[in-house]
Amino acid sequence: MTAALDFSLPPGLSAHEPPEAKGMARDAVRLMVSRGDLEPTHHHFSDLPALLDPGDLIVVNNSATLPAAVRLDRLAVHFSTVRPDGTWLVELRRRTAKGSEPYGGGEPGEWLPMPGRATLRLVGRETPRLWRAVLDRDVEAYLRVHGVPIRYSYVERDWPIEAYQTVFATVPGSAEMPSAARPFTTDLVTALVARGIGIAPITLHTGVASAEKDEPPYAERYEVPAATARLVNLTRENGGRVVAAGTTVVRALETAAGPGGRVAASAGWTGHVVTPEVGVRAVTGLITGLHEPRSSHLLMLTAIAGEAALARAYEEALRKGYLWHEFGDTHLILK
């Protein structure tokens, strides 16, 4: 990570609640637009149709958020993602007055009693933070009864699962909301389509992405349908822009893209990491939130925007008081 993006995030710039709690519409959050060497411009998310052109395509993630946190007396278990062998990656966190913090305990083979007379067995560590684990029943059905949405300490109270769903959420599976698409509303989608801007789905189920730094992404389940691949290719052939709504969409499309940027239908688990060295082949724009200092997402943003443009945008976001995290403001990057 370059020094330009190793910044300090003031606590006051974390979004503590959904915009609806302040009487705002979802699409009333701010939107900063970066276009290469040009100075960033400032808008509201509802301005998005005017900022794109007819013939452009927005690719969205239709993954729905699970209530993936299960609270015990002193610990919380965050269910992250299913693995190909059927085990789940989970994060153990110590409960605190304001939320939770990383918990370094646990031993391979340990059994944790869970609410509803369930049992979780720790199999082994996958990363320093994540365990491979087995629950003695179907995880998604269990979470619907005993889980709550994952919440970190910068969000000051619990919000219902509906606050963590996007308008595109139809396929359950994400531990945390694919939050770049949260500001979309049905009215905004209608305005985009009426302007001739296409919308197409992929599915990528996100794992936990808590604020610990310098941790590379791990494999996540995804699917790029044939119809979406076809629309991406047609858009590029006709000179339109392919704008990913979220880093999850970039990861899925770039996994499915060939050397020339042509996207094919694809599904499975992806461990693809987009960096400036790897670059992007299929995506020419990105709608995203504002990311933590030193996070791996900033490498992806640098690959799309360029280092200088991204550093300038983040300096501007800090200066203008943009809000970070899943309930915060947004950033449109156009190559």
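Going by our numbering, the first residue of the sequence shown is number 1, and it counts up by one from there.
Glycine included, C-beta positions come from ideal geometry on N, C-alpha and C.
All values derive from a computational prediction rather than experimental measurement.
Could you please give the first and the last residue of the uninterrupted beta strand (DSSP E) stretch that includes residue i?
i    : result
R121 : A118 to R125
I287 : G285 to T288
P172 : V171 to S174
A64  : S63 to T65
E220 : E220 to V224
H44  : T41 to H44
M32  : R30 to R35
T330 : T330 to L334
A133 : L130 to L135
G340 : The structure shown does not extend to residue 340, since the chain is modelled only from 1 to 335, so the question has no answer here.
V263 : Where V263 is concerned, there is no enclosing beta strand (DSSP E), given that its DSSP letter is neither H nor E.
L38  : From DSSP, L38 is part of no beta strand (DSSP E); its letter is neither H nor E.
E91  : W88 to R95
F327 : That residue, F327, is in no beta strand (DSSP E); it is neither H nor E in DSSP.
S100 : S100 to P102
W111 : W111 to M114
L75  : L75 to V82
A209 : Careful: A209 lies outside any beta strand (DSSP E) and carries neither H nor E.
Starting from residue i and walking both ways along the alpha helix (DSSP H), at which residues does that stretch end?
i    : result
V249 : T247 to A256
V139 : V139 to H146
M300 : H297 to A305
P201 : Per DSSP, P201 belongs to no alpha helix (DSSP H); it is in the beta strand (DSSP E), G198 to L204.
V189 : T186 to A194
A50  : L48 to L51
Alpha carbon to alpha carbon, how far is residue j from residue i? Give it in angstroms, no decimals.
i    : j    : result
V263 : T185 : 27 Å
T41  : A169 : 29 Å
L31  : F327 : 13 Å
L5   : A309 : 11 Å
A226 : T302 : 28 Å
S296 : P217 : 7 Å
A257 : S100 : 38 Å
L51  : W131 : 43 Å
T275 : L299 : 5 Å
A25  : V232 : 30 Å
L318 : P11  : 11 Å
L323 : S14  : 5 Å
A133 : G124 : 7 Å
V243 : T65  : 22 Å
E212 : R129 : With a pLDDT of 49 at E212, under the threshold of 50, the predicted position of this residue should be treated as unreliable, and no value is reported.
P19  : L92  : 29 Å
R157 : E237 : 47 Å
V145 : F79  : 14 Å
A28  : P183 : 8 Å
E176 : S266 : 23 Å
Y314 : L290 : 8 Å
D187 : D53  : 18 Å
T247 : L192 : 21 Å
H43  : E110 : 51 Å
G86  : P108 : 17 Å
F7   : L112 : 39 Å
Could you work out which residue in the options is closest to residue i when comparing CA atoms only?
i    : options                   : result
R241 : I161, K335 and E162       : K335
F45  : W269, V189, N238 and V250 : V189
R312 : P172, D37 and L13         : D37
Y222 : L66, V82 and E39          : V82
T228 : V123, T270, V283 and A175 : V283
I287 : G271, E254, Y322 and T330 : T330
P84  : E316, G289, E315 and T270 : T270
R95  : Y314, K22, T248 and I150  : I150
T235 : A267, I197 and T206       : I197
A68  : Y152, A180 and R195       : Y152
W88  : D136, Y103 and P178       : D136
E316 : E39, A21, K22 and Y103    : E39
A209 : A21, V139, E307 and V90   : V90
A97  : G173, Y154, E17 and L48   : Y154
Just checking my contact of residue i with residue j at CB under 8 Å: how many whole Å lie between their CB atoms?
i    : j    : result
S63  : A305 : Their Cβ separation, rounded to whole angstroms, is 25 Å, which puts S63 and A305 out of contact at 8 Å.
V224 : A252 : 6 Å
V280 : V250 : 7 Å
G106 : L122 : 5 Å
T174 : H205 : Checking the sequence, you will find Ser at residue 174 rather than Thr. Rounded, the Cβ-Cβ distance is 5 Å, consistent with contact.
I333 : G268 : With 8 Å as the limit, I333 and G268 do not qualify as a contact, their Cβ atoms being about 27 Å apart.
G239 : E220 : So it is not a contact: roughly 31 Å between Cβ atoms.
Below 8 Å, how does it come out for the segment 197–205 and the segment 53–73: are there three or more Cβ pairs, yes or no?
yes
When the Cβ atoms of the segment 258–274 are set against those of the segment 70–77, are three or more pairs found closer than 8 Å?
no
Would the segment 150–164 count as touching the segment 105–118 if we require 3 or more Cβ pairs under 8 Å?
no
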